[in-house]
Structures are given as structure tokens and as C-alpha cells.
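Undergrad: Residue numbers (the working numbering): 160 to 262. Heads up, the beta-carbon is just placed ideally off N, CA and C, and yes, glycines get one too.
1) Can you look up residue 255 in the DSSP assignment and give me helix, strand or coil?
2) Terminal residues of the continuous alpha helix (DSSP H) containing residue 183?
3) If you follow the alpha helix (DSSP H) that residue 261 is in, where does it begin and where does it stop?
4) With contact counted as at least three CB pairs below 8 Å, one residue from each stretch, are the region 243-256 and the region 169-185 in contact?
5) Could you tell me the distance, in whole angstroms, from the CA atom of residue 197 to the CA atom of residue 221?
6) Rounding to the nearest angstrom, what Cα-Cα distance links residue 215 and residue 246 in this structure?
7) Which of helix, strand or coil does DSSP assign to residue 220?
8) Rounded to whole angstroms, how far is the Cβ of residue 188 from the Cβ of residue 199, which I believe are closer than 8 Å?
9) Evaluate residue 261 with the Cβ neighbour count: other Cβ atoms within 10 Å of its Cβ, from every protein chain shown; 16 or more gives buried, anything less gives exposed.
Following this line, the structure appears as C-alpha cells:
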């Protein structure tokens, strides 16, 4: 698998990243808006997120980057239930773009 495929979220590592983060996103969304979470889960299971769900996921993963790669004196560490790196965020955004979503 080429590096380009992995970056676009279409390789096995990218798909695992997307699956891991979508699960965390759906869980968090369910705690705050069960209706939106249900719609998003249905779309995910059908393999076609709505544009609203795709935008929510893109915003969520951006806001939840927890591993910035900075040292303690360089920037904040954001605690969270799941580790999300800037690379993970880019993988999710690329995965969404590859499915026609404007991210």
C-alpha cells in the first residue's frame, strides 16, 4: 500500500484510525445529542455519512487533537478519552474528502 493511500485514509492503517475515531465521536455525540448520534450511526453503518454528520466529525476530530507533539513547555496537552494526533485528524479529513465531503 502506498504512503498516499494511507494518508488518504484508504489504507488499512487509515481505515483503523477512522474506525477508532468514529467510534469515539459517536459515543461522545450520543451523550450530548442522541438523535444526531443515531442519524450519524445509521449513516456510518450504511457507509454514507450525511454532510451534516461529516462536518460534525471533521470539527470534532479537529477540536479533540490530544497529542500535539509539543513538549510541556511548548504547548498544552489536551486530555481526552482517546489519543488523537494531528496525523489522525488529517487521516479523517482525507477519508471524508475521498467520500465527497467538503472539509
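TA: Well, looking at it:
1) Note: residue 255 maps to helix in three-state DSSP.
2) Run containing residue 183: 171-191, per the alpha helix (DSSP H) assignment.
3) Note, residue 261: premise wrong, no alpha helix (DSSP H); not H, not E.
4) With the cut-off at 8 Å, the region 243-256 and the region 169-185 touch.
5) It is roughly 21 Å from the alpha-carbon of residue 197 to the alpha-carbon of residue 221.
6) If you take the alpha carbons of residue 215 and residue 246, they lie about 18 Å apart.
7) Three-state DSSP puts residue 220 in a helix.
8) Contact between residue 188 and residue 199 holds: their C-beta atoms lie close to 6 Å from each other, under 8 Å.
9) With fewer than 16 Cβ atoms within 10 Å of its Cβ, residue 261 is classed as exposed.
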